[in-house]
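Accompanying notes for the structure given below.
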Amino acid sequence: IFTHVVPVGFVEAPKAATRAAPRHRLVFTKLQALSLDYDRILFLDLDLVVRGDLAELFDVQAPAGMHHGDPDWGDLEHGELIRTRSPGHWCINAGVMRLDPLPTEQERQSQIKALVQQVGHISRARAL
């Protein structure tokens, strides 16, 4: 249940941005959701319109998210790797994510630190 706003620092990934999508420079700030002291999180981008009950999404095994891409390529199974170099391009749509933060603040902060380091190593080819 939403109880308050938690200010967080930006996670910058300059190589993830393109001229067509400069907003991707800060998209990894969403990783900060893992710092919250909740057992389960359903992350939704602010530009989504919820049209039904989302309760069943909390039963989806975390981590989970949505994907988008070429619909002719077929459906992905839960947990299946998304290959960006395959025919028909798929990528993660991080506008809907089901997350389970780690139990202690120390574990959560350590996880976020490691993830932010990985973001710093993203190359333009991997970001596209």
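Start counting the sequence shown at 66; every next residue gets the next number (the numbering used here). Ideal placement from N, C-alpha and C gives every residue a C-beta, glycine not left out. Computed from a predicted structure; not experimentally measured.
On the criterion of 16 or more Cβ atoms from any shown chain inside 10 Å, does P166 qualify as buried, or is it exposed? Classification of P166: buried, given that the 10 Å Cβ count is 16 or more.
Could you check the C-alpha separation between Q126 and R163 for me, to the nearest Å? Rounded to the nearest angstrom, the gap between the Cα atoms of Q126 and R163 is 8 Å.
From P87, V181, D118, residue whose alpha carbon lies closest to that of A98: Across the set P87, V181, D118, the C-alpha of V181 shows the shortest separation from the C-alpha of A98.
Using only CA atoms, which one of G160, A86, Y103, Q174 lies nearest to V115? Per the Cα distances, G160.
Based on Cα-Cα distance, which residue from F123, E77, Q183, F108 lies nearest to N158? When only C-alpha atoms are compared, the closest one is F108.
Once DSSP output is grouped into helix, strand and coil, what is the label at L164? Note: L164 maps to strand in three-state DSSP.
Those residues which DSSP pairs with A179 across a bridge: In DSSP, A179 forms no bridge with anything.
Nearest-angstrom beta carbon gap, P72 and R90 [assumed within contact, 8 Å]: The Cβ separation is near 19 Å, so there is no contact.
Local Cβ density within 10 Å of A120, reported as buried at 16 or more and exposed below that: A120 should be labelled exposed.
Are there 16 or more other CB atoms within 10 angstroms of the CB of L193, so buried, or fewer, so exposed? Bear in mind that the predicted position of L193 carries a pLDDT of just 42, short of 50, making it too unreliable to give a figure here.
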